[in-house]
Amino acid sequence: MAVVQFPVHTKYALGLRLGRSLRLICLYLPPSLSNDEVSSVLVSLPLTDDTIICGDLNARLGAITGDSVANARGSVLLRWCEEHGLSVLNSTLAPGVPTFLSYRGGQVKQSMIDYFLTNTTSALRSPRMQVYSDLSLGSDHKLLSLSFDYAVPDGYPSQPVLSSSSARRLWNLSRLKEPDVCSLYVASFQSLAVPLVDQFKALKSSPPSAAPPIDALNDSLNEAIYSALDKSVGSRSSRPSQWKPFWNAHLQELADVREHHYRRWRRAIGIDKALWWDRHQAAQVRFRAALKSAKRLSWRAFCDSLARGELARAMSKVKVIRNRRRQQVGFTHPDGPAAGASAMRQHLASVYSGDGLPSRRPDPLPSVSGMVPFDLDSQDPGMPSFTADSVGSLMRRLPLLSATSGRIPLLSGVKHR
10 MAVVQFPVHT KYALGLRLGR SLRLICLYLP PSLSNDEVSS VLVSLPLTDD TIICGDLNAR
70 LGAITGDSVA NARGSVLLRW CEEHGLSVLN STLAPGVPTF LSYRGGQVKQ SMIDYFLTNT
130 TSALRSPRMQ VYSDLSLGSD HKLLSLSFDY AVPDGYPSQP VLSSSSARRL WNLSRLKEPD
190 VCSLYVASFQ SLAVPLVDQF KALKSSPPSA APPIDALNDS LNEAIYSALD KSVGSRSSRP
250 SQWKPFWNAH LQELADVREH HYRRWRRAIG IDKALWWDRH QAAQVRFRAA LKSAKRLSWR
310 AFCDSLARGE LARAMSKVKV IRNRRRQQVG FTHPDGPAAG ASAMRQHLAS VYSGDGLPSR
370 RPDPLPSVSG MVPFDLDSQD PGMPSFTADS VGSLMRRLPL LSATSGRIPL LSGVKHR
């Protein structure tokens with residue numbers, strides 16, 4: 010499903026369109042806003058038929074969500090929801106479950122200020138909302154998730170379901186430099202490839218009338234290579250895709266310890282509650298210090314790699330960083346990349362088809378031979394000539410740019426358009 014950002018005319022919200030019809034608005038209303046300012050922000054939100062609003066609204070709705078307190082901002086929010094037909098999913102999917110939890114002065118303070126709002130309850134089939142109360146994550150706000158099956162409204166094309174790609178397999182390929190390991194890999198591959206070789210020989214000796222199963226043969230070859238690598242160099246686990254460049258196993262261990270202490274604090278009673286809270290706070294301090302150090306070391310390693318590397322590679326990396334920070338304008342389609350490519354192809358075909366040209370065309374340009382001061386068909390022996398071989402020889406003598414930056418080598422001084 011394609012995800013496209015759409016404009017929301019307030020700095021407190023971010024709008025995303027999922028597919029063609031479903032809209033998601035991430036909203037944050039700071040506690041410092043007055044009720045009039047909150048009302049102005051809510052009115053500025055662009056609501057369509059299928060809209061989900063989520064975020065920290067700092068509003069307490071009272072009995073409607075199972076909260077013990079209601080405030081003035083909650084009244085403003087409820088009145089706006091009633092005017093626009095919005096439902097508070099917390100009230101039906103997680104009633105009475107606090108989304109904000111803190112521990113101050115030896116007392117636990119909790120409230121409900123984070124919400125999911127929607128005006129499309131009929132299109133959300135089997136909705137499920139979960140509040141992860143046992144996760145600390147270094148914040149007083151609890152992590153919320155909303156999952157559902159979405160019924161695409163009539164008039165919108167259904168989205169194709171894309172199969173998720175399998176996890177990338179990794180091996181310790183550097184061990185192939187060891188002679189005994191390399192010999193083991195070759196021997197393993199030879200034994201595993203015997204059935205495949207026999208199949209190739211049979212296809213060559215008596216070619217079938219129909220095309221052979223190329224995909225099946227390719228899968229068999231890949232599996233033989235993978236199995237031989239597993240037996241020789243051994244596989245290794247891939248780095249989780251959600252890890253940032255500075256994240257490592259040590260940080261993950263510290264984060265797990267912090268979460269363990271937080272869960273123990275949640276389940277403790279009496280004086281043990283203060284004990285586990287102190288341990289949780291100490292674990293949080295250790296984690297933040299290690300996180301700051303890891304970020305600093307990662308940045309230092311990046312700077313050192315630029316200093317040690319070639320100038321072309323360093324400049325290429327700086328260019329990538331600049332382009333990443335610059336706002337990119339591209340063509341996207343709500344039905345996904347394939348539909349976008351098809352729409353662009355049809356647009357370019359209509360532009361260059363010639364349908365927009367006038368029916369009466371201007372006269373053709375005069376011949377090139379009549380516009381030069383000499384005859385191209387005859388060559389004066391006294392005039393200097395440039396044959397194709399001489400031009401090619403001179404071009405091969407020109408210096409080439411370094412290809413280490415990943416670009417195709419170009420002739421220095423020759424501009425291309």
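Residue numbering for the sequence shown follows the working numbering, beginning at 10 and increasing consecutively.
Here a beta-carbon is modelled for each residue, glycine too, at the ideal position from N, C-alpha and C.
In this structure M353 is exposed. Its beta-carbon is surrounded by fewer than 16 other beta-carbon atoms within 10 angstroms. If you check the CB distance, D143 and R29 do not come in under 8 Å. In the DSSP assignment, V12 forms a beta bridge with L27.
Excluding the 5 residues flanking it on each side, S84 has no same chain C-beta neighbour closer than 7 Å.
With a threshold of 16 other beta carbon atoms within 10 Å, H18 falls short and is exposed. Within the same chain, V242 come within 7 Å of L182 by CB-CB distance, once the 5 residues on both sides are set aside.
Around the beta carbon of C90, 16 or more other beta carbons lie within 10 angstroms, which makes this residue buried. The distance from the Cβ of Y21 to that of L33 is about 15 Å, inconsistent with a contact at the 8 Å cut-off. Residue nearest to C35 within the set R113, Y124 and H150 is Y124 (criterion: CA-CA distance). If you draw a straight line from the Cα of M138 to the Cα of D313, it is about 46 Å long. Under the DSSP assignment, F109 falls in the beta strand (DSSP E) whose first and last residues are F109 to R113. When DSSP states are grouped into helix, strand and coil, M138 belongs to the strand group. Annotation for I61: the continuous beta strand (DSSP E) segment containing it runs T60 to D65. In the DSSP assignment, L126 falls within the unbroken beta strand (DSSP E) covering D123 to T127. By the CB criterion at 8 Å, F255 and K186 fall outside the cutoff. In this structure, D344 lies near A11, with their beta-carbon atoms less than 8 Å apart. Under the DSSP assignment, V400 falls in the alpha helix (DSSP H) whose first and last residues are A397 to R406.
Membership of S362 in any beta strand (DSSP E) is not indicated, and neither H nor E is assigned to it by DSSP. Between L87 and T127, the C-beta gap is not smaller than 8 Å, which leaves the two residues out of contact. Contact check between the stretch 58 to 76 and the stretch 109 to 125: three or more CB pairs, one atom from each, fall below 8 Å, which counts as touching.
Of the other Cβ atoms in all chains shown, 16 or more fall within 10 Å of the Cβ of F296; this residue is therefore buried.
When the Cα atoms are used, C191 and S154 turn out to be separated by approximately 49 Å.
DSSP places F311 inside the alpha helix (DSSP H), whose first and last residues are I280 to R317. Close CB contacts of A348 within its chain, under the 6 Å cut and outside five residues either way in sequence, are with H342 (chain order). For the pair T74 and S100, the CB atoms are nearer than the 8 Å cut-off. Counting C-beta pairs closer than 8 Å gives fewer than three between the stretch 224 to 238 and the stretch 256 to 263, which falls short of the contact rule. Annotation for V50: T19, Y21 and L38 place their beta carbon closer than 7 Å to its own, counting only its chain and skipping 5 residues before and after.
The Cβ-Cβ distance between S197 and K240 falls below 8 Å.
The residue from L201, D76 and I280 with its alpha-carbon nearest to that of P104 is D76. Taking C-alpha positions only, T57 is separated from L366 by approximately 41 Å. DSSP places Y159 inside the beta strand (DSSP E), whose first and last residues are L152 to Y159.
A Cβ-Cβ separation of about 5 Å places S229 in contact with L205 under the 8 Å criterion.
By the beta-carbon neighbour count (other beta carbons within 10 angstroms, threshold 16), I62 is buried. Closest by C-alpha distance to Y112, out of L320, D287 and R309, is D287.
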